[in-house]
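Residue 554 in the UniProt record's numbering sits at position 554 of the sequence shown; the count goes up by one each step and never skips. Heads up, the beta-carbon is just placed ideally off N, CA and C, and yes, glycines get one too. The next block holds one structure in the form of structure tokens; read it before the comments.
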Amino acid sequence: MLWGSVVNKLWLTILLLVSVVLGLLTFLLLEFFGNFHIEEAEERLMQTAAKVSILLEEIDNRGTVFDTANRVQDPNSRIAILQGDTFWLSEPDTQSDALPGVNKNWFLEDTELSKAVTDGKEVSKRLVLPDTDVSVLAVGTPLADGNGAVYVYQSLSVVKETGNQTTQIILLGAGIAFVLTTVFAFFLSSRITKPLIKMQDAALNVARGQFGTTVPVVTHDEIGMLATAFNKMGKQLEFNINALSQEKEHLSRVVNAMVDGVVMINRQGELTVTNPPAEAFIHDWQFENGETFHEVPGVWLEIMESVVTTASEVTRELTIQGREWVIIATPLYDDAAIRGAVAVVRDMTQERRLNKLREDFITNVTHELRTPISLLQGYSEAIIDDIADTVEAKNELAQIIHDESLRIGRLVNQLLDLARMEAGDTHLIIEDVDINPFLERIVRKFQGLADDRQIKLGLVNAVDKQTYQFAPDSLEQVLTNLIDNAITHTENAGSVQVTVSDDSEQLVITVKDSGSGIPEEDLPFVFERFYKADKSRTRKTGKTGNGLGLAIAKNIVQAHGGTIKVTSRLHEGTTFTIRLPQHTKKI
């Protein structure tokens, strides 16, 4: 931009000043000469009219007067004599463009021109000849006897031509002055500001991080002193920036390495510092409370207000998406004033969940084994006591004992598989799988069950390519468990939708239902062994499980290097999201 340089500012300032002066001078000269030419032409025409009126007084021979008038008229002008009933109009100049003639009424009907006859006054007026577009300057002088007047009119084009010549001369002079001023102003401003330009380049280098840039000191005036001060400032700034960068990097590493979330908020309610655990808490809070991801969570505004009001530590306990959080906020002082607050966000879910799992594990295992063991004991005693008196009855009891033993075996095998997966001993056979037929086959397997309950089961495929690498049998086990759970916990006439999409790094599969949802307090535990969310839901559906399906699913997904996540709202539905890397190594 022009105003971004000192050279341009000085140059343009001088040009602007000179331009204003030249402009005003040119305007005044043009106005002056324009009026001067008009007044000169008017005076000349008036003198001609006066001479003709004198001739009319002194010479009785009108022919001689008319002939003399034809001779004394200026080029491009005509003389009209109105005396009594006599009206005479001079002949046009044959050496120039003929000026149209007029009649007597043109003078008498014009209010201004008629005053020379009616009032005996000298008159002057610029007007257009009738039935033409010719502009003329007309003057009139009354006769001495008051019985008429002498009129002279001339084309204004002559006056304008003279004015144009004068204008060209004035503009030429102004243009020459402007060019000379431009050259002088640019030369002067360049000489003065050349050191400043070098200093500007050096300042830009410093702004880009080149703190070792120096400016040559060639003079000992104010600009030289400024260059010396600039060089000292660059060295000191380099030292301070390095120290601040080291301190900031050290602090950033410490904050980001913390397991607990750290949040700093100023008095304007703006989050100035956050680390990954704090951002995860904020994301869950916004999802839970329906806030946009660009808003500052309301909980921080409340905490900030409490800290400023009490000027002391504030502690809050919150439950977000089933996870239990503890927030400890303390005031942040700037000298004696509070300029914000620093809060530590700690996720207490894992500690409390481990305590609960330790208490519930033995109970859950005992509960799962007690029923089949009781059945085995009861029916085996019936066979021993010979209660079954027929072969068919004994076979029926034996079949029950066999089924329950298989149930115990499945439970034990699932426990062993889960323990092996959690220990990292998972063997996956990774293959190139055509994703569309793979998912269609799994969805088709549940189509009959969905139709019986009038549940709309759909598949949405939004992938860019068709072949992906994963263990098909293991992933089918995961999707079978998720779709079966979704249909089981969805009311009749509900919907279950399986969606598959991808990006440059991940394959994303979601299973979304419109069912009863999972209570908020159960969300953190749905992938734990033997955990059954809201036992009343299981009783309502008439289907029971051992609580290991989602735990196994989570371990299979993690063995692929992926993640599985659940989001849910009670009575609105549940969504399970599986994210698998697109380039899974064969295990």
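Option nearest residue i by Cα separation, candidates the options
i, options, result
"Glu431", "Gln582, Arg444, Asp385", "Gln582"
"Thr132", "Gly101, Glu109, Ser114", "Gly101"
"Trp11", "Gln558, Phe186, Ser405", "Phe186"
"Asn275", "Gly261, Val526, Glu288", "Gly261"
"Pro75", "Trp88, Gln83, Leu55, Thr48", "Thr48"
"Asn395", "Leu406, Gly409, Ser380", "Ser380"
"Phe438", "Gly120, Glu109, Val478", "Val478"
"Asp434", "Lys456, Ile59, Pro472, Asp335", "Pro472"
"Ile38", "Ser135, Ile59, Ala343", "Ser135"
"Glu505", "Glu521, Val526, Gln469", "Gln469"
"Leu56", "Asp221, Ser514, Ala144", "Ala144"
"Tyr153", "Leu127, Ser252, Asn164, Thr166", "Leu127"
"Val511", "Glu491, Asn492, Asn485", "Asn485"
"Thr567", "Met233, Asn492, Thr68, Glu288", "Glu288"
"Glu222", "Thr193, Leu449, Asp201", "Thr193"
"Arg346", "Asn355, Leu397, Leu406, Ala280", "Ala280"
"Thr141", "Leu113, Leu29, Thr349", "Leu113"
"Ala138", "Ala41, Thr86, Arg71, Pro277", "Ala41"
"Glu521", "Ile487, Arg569, Val498, Val255", "Arg569"
Straight-line gap, residue i to residue j (C-alpha atoms, nearest Å)
i, j, result
"Glu528", "Leu475", "19 Å"
"Ile483", "Lys248", "49 Å"
"Thr467", "Pro519", "37 Å"
"His402", "Ala553", "28 Å"
"Asp389", "Gln399", "16 Å"
"Ile320", "Gln210", "48 Å"
"Asn555", "Ile384", "43 Å"
"Val117", "Met46", "15 Å"
"Ile169", "Leu16", "22 Å"
"Gly573", "Val307", "38 Å"
"Ala50", "Gly173", "39 Å"
"Gly517", "Ile429", "34 Å"
"Lys125", "Asn61", "30 Å"
"Leu464", "Met258", "Inspection of the sequence shows that residue 464 is occupied by Asp rather than by Leu. Approximately 39 Å between the Cα atoms of the pair."
"Asn103", "Gly148", "15 Å"
"Gln454", "Arg339", "60 Å"
"His571", "His489", "11 Å"
"Ala393", "Ile373", "20 Å"
"Gly146", "Leu108", "15 Å"
"Ile564", "Trp285", "20 Å"
"Thr330", "Thr310", "10 Å"
"Thr315", "Val326", "7 Å"
"Val508", "Ser245", "39 Å"
"Gly175", "Leu156", "28 Å"
"Ile408", "Gln377", "13 Å"
"Glu43", "Leu24", "28 Å"
"Val206", "Gly212", "8 Å"
"Ile197", "Lys9", "13 Å"
"Asp67", "Phe36", "31 Å"
Residue i - partner residues in DSSP beta bridges
i, result
"Phe87", "Leu82"
"Gly120", "Gly120 is not bridged to any residue."
"residue 650", "Because the chain in this structure spans residues 1 to 587, residue 650 falls outside the shown range and cannot be described."
"Ser155", "Val136"
"Glu317", "Val326"
"Pro297", "The partner list for Pro297 (beta bridge, DSSP) is empty, contrary to what the question assumes."
"Gly573", "Arg569"
"Thr141", "Val150"
"Asp432", "Gln469"
"Asn461", "Val500"
"Arg353", "Partner(s): none; Arg353 has no beta bridge."
"Tyr333", "Ile338"
"Val511", "Val498, Phe576"
"Leu127", "Val136"
"Lys456", "Ser495"
"Ala207", "Paired residue(s): none; Ala207 is not in a bridge."
"Ser77", "Gln154"
"Ile564", "Ile578"
"Val344", "Val262, Ile328"
"Gln506", "Pro581"
C-beta neighbour in chain C for residue i, strict 9 Å
i, result
"Pro276", "Although the question refers to chain C, the structure presented lacks it and comprises just one protein chain."
Residue i Cβ short of 8 Å to the ligand NAP heavy atom set
i, result
"Ile59", "Judged by which ligands are present, the structure shown has none, so any question about the ligand NAP falls away."
- Cβ contact (3+ pairs, closer than 8 Å) linking the region 258-278 and the region 296-304: Yes: at least three Cβ pairs fall under 8 Å.
- Assess, as a yes-or-no matter, whether the region 236-253 is touched by the region 213-224 under the definition of 3 or more beta carbon pairs within less than 8 Å. no
- Do the region 175-184 and the region 144-163 make contact, defined as three or more Cβ pairs closer than 8 Å? no
- Where in the region 239-299 do unbroken runs of the alpha helix (DSSP H), each at least 4 residues long, occur, reported from the N-terminal end onward? 276-289
- Query: Three or more C-beta pairs closer than 8 Å, one from the region 485-503 and one from the region 557-567: is that the case here?
  - Reply: no
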